[in-house]
Amino acid sequence: MQFDWLHAAIILFLLAGVVFGIGPIIGSLLLAPKATGGDLDLPYECGVPPHGAAHVRFGINYYFYALLFLAFDVDVLYLFPVSAVYVGSRGWLAFWELVVFVGVLALAVIYFWRKGVFSWPRRIKP
Amino acid sequence: MRRAVSQIEPPLIDLGPVNQILDLCRAMSLWPMTFGLACCAIEMMAVGMARFDISRFGAEVFRPSPRQSDVMIVAGTVSKKMAPAVVRLYEQMPAPKWVIALGNCAISGGPFAFEGQYGIVEGVDQLVPVDVYVPGCPPRPEGLLEAIFALQEKITGRRWWPQPVEDKKA
Amino acid sequence: MSEGADKLTAVLEGLANLPGDQCWGLARADHHRQGIHAACQLEAAALLPAARLLLDQGFFLEDVSGADLSEGFLLCYHFDLFDACQRVALRLLVPRERPTAPSLAGVYSGADWHEREIFDFYGVVFTDHPNLKPLLLPDDLDQRPLVKRPEERRSLYALLPQEQLVRGKP
Chain R
5 MQFDWLHAAI ILFLLAGVVF GIGPIIGSLL LAPKATGGDL DLPYECGVPP
55 HGAAHVRFGI NYYFYALLFL AFDVDVLYLF PVSAVYVGSR GWLAFWELVV
105 FVGVLALAVI YFWRKGVFSW PRRIKP
Chain W
27 MRRAVSQIEP PLIDLGPVNQ ILDLCRAMSL WPMTFGLACC AIEMMAVGMA
77 RFDISRFGAE VFRPSPRQSD VMIVAGTVSK KMAPAVVRLY EQMPAPKWVI
127 ALGNCAISGG PFAFEGQYGI VEGVDQLVPV DVYVPGCPPR PEGLLEAIFA
177 LQEKITGRRW WPQPVEDKKA
Chain A
-5 MSEGADKLTA VLEGLANLPG DQCWGLARAD HHRQGIHAAC QLEAAALLPA
45 ARLLLDQGFF LEDVSGADLS EGFLLCYHFD LFDACQRVAL RLLVPRERPT
95 APSLAGVYSG ADWHEREIFD FYGVVFTDHP NLKPLLLPDD LDQRPLVKRP
145 EERRSLYALL PQEQLVRGKP
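Chains as they are written, first to last, in the numbering used here: chain R, 5 to 130; chain W, 27 to 196; chain A, -5 to 164.
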């Protein structure tokens, strides 16, 4: 395929993203004073020398947030390109693929719905 | 109880005009580290709230971590048991960094400076280098705002905000 | 209210059943004058049984405090009921030349830090304490700040009302 302005724009966008991230790091390397000495390299633990392992078990409740984020946000993100090309598809295969995709993510939503995550309790009366 | 050993090396690109611009940016966005140890912490909290609003002057973002903060506001009494933590947190701050000693206890031990003092460090400048001292027990929140202005003057070379008007009738 | 008074009576009966040389000075007190409803003096061997009596009746430990008197160190344990106003004080006199006392941390776990503070400031060593390290003072301090000079100490018999100092059963 031919190289046209769309490809150039995408590559420029990618480069801009990388520069946006790396630029300030290089900027502070060149322009900022550096502190050395003492306990600068010690891991931060509220002013005391750190004790215990750094690898702790994640609380399982954070996994809930991750699952719900997947179910809503990433779901919709992938449905955007589907909505652009669905109109040009033929046959039932695309439809069943879509049903499977949305269905698996809907299982997560139904699980949390049954858990009561989406219901707000009555306001506590003063 | 050791002093903080923290050497600051100058930047690789050390041009005057560049430093002027950067110092202005740093002065107008000083991020304090919440280091409220005692009663002066209440005044520091008041400065962060709506009436005395420190966020007008760029210093709203109180970071609990030394890694992301510019200025350590030592607000309160430093006990000998807390002294190693103060020193360690100062050393863990990246450069450029400044220290404001808020209140009499941080300046010289305050009401705890007497003969036979066994537990309190008499002045936080025995531990870390202090840039601005704010006297008072506790100082008014406006005192802490003036300390931020004085620190900005120290960094950039001039005061950027109007002087408070003396009330002659009082 | 009367339920609290019943619990207090049960506690006092239990304390009265302890051997006479280990629990003396058992008396009710005037709450308006002294702030407690009952008090007694204990020897070291009776402290844990007395504390278990109070725990069985639902009393909670308020604090463990100390005083430097001419007879030795006086450790004062205050126990409260939360749903009725009843306060009991248990007192333990510890000789100065061998300042040890049994630790209450096995019965009331909140006594852990109170006993560490007394160890800091008076030097009383608590046997069977889970973690007898300095709580408030730096580790390398070699003085016991709240120990008075001999001429400043007062006597137990001058401080407490007479009925709380009587030896033998009432």
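In this text, a Cβ means the ideal position worked out from N, Cα and C, and glycines have one as well.
Mind checking which residues open and close the alpha helix (DSSP H) that includes T3/A?
-4 to 10
Apart from the five residues just before and just after G52/A, which ones in its own chain have a Cβ nearer than 7 Å to its Cβ?
K1, L75
Could you compute how far the alpha carbon of A67/W sits from the alpha carbon of G41/R?
Looking at the two C-alpha atoms, the distance is approximately 29 Å.
Whose CA, out of R110/A, H26/A, D62/A, K127/A, lies closest to the CA of R143/A?
D62/A
Counting only Cβ pairs nearer than 7 Å, list the residues of chain R close to Q143/W.
Near Q143/W there are no residues of chain R at all, since even the closest Cβ is about 22 Å away, more than 7 Å.
Is the segment 32 to 39 of chain W touching the segment 124 to 139 of chain W in the sense that three or more CB pairs, one from each, lie closer than 8 Å?
no
Nearest to P161/W by alpha carbon, out of V154/W, G149/W, L153/W, P155/W?
Taking P161/W as reference, the option from V154/W, G149/W, L153/W, P155/W with the minimal CA-CA separation is G149/W.
Using beta carbons (cut-off 7 Å, strictly below), is P137/W in contact with chain R?
P137/W does not count as touching chain R.
At 8 Å on the CB atoms, spell out the chain W contacts of P54/R, in chain order.
Result: empty, since nearest Cβ-Cβ is about 11 Å, beyond 8 Å.
So, helix, strand or coil for Q35/A, using DSSP?
strand
Could you tell me which chain W residues have their CB closer than 8 Å to the CB of L135/A, listed as they occur along the chain?
By Cβ distance, chain W contributes K106, Y144, G145.
Give the single residue among A(-1)/A, C70/A, V160/A, L150/A whose Cα lies nearest to the Cα of I112/A.
C70/A
Proximity below 7 Å, CB of L68/A to CB of L87/A:
yes
Have a look at W187/W, K194/W, R93/W and flag the residue whose alpha-carbon is nearest the alpha-carbon of G84/W.
When each option's Cα is compared against that of G84/W, the closest is W187/W.
Nearest by alpha-carbon distance to Q189/W: which of L38/W, G169/W, I181/W, K195/W is it?
G169/W
Per DSSP, S1/W forms a beta bridge with which residues?
The question about residue 1/W has no answer here: the residues shown for chain W are numbered 27 through 196.
So, A32/A versus V101/A, is the Cβ gap smaller than 7 Å?
no
Can you pull the DSSP bridge partners for C17/A?
L36/A
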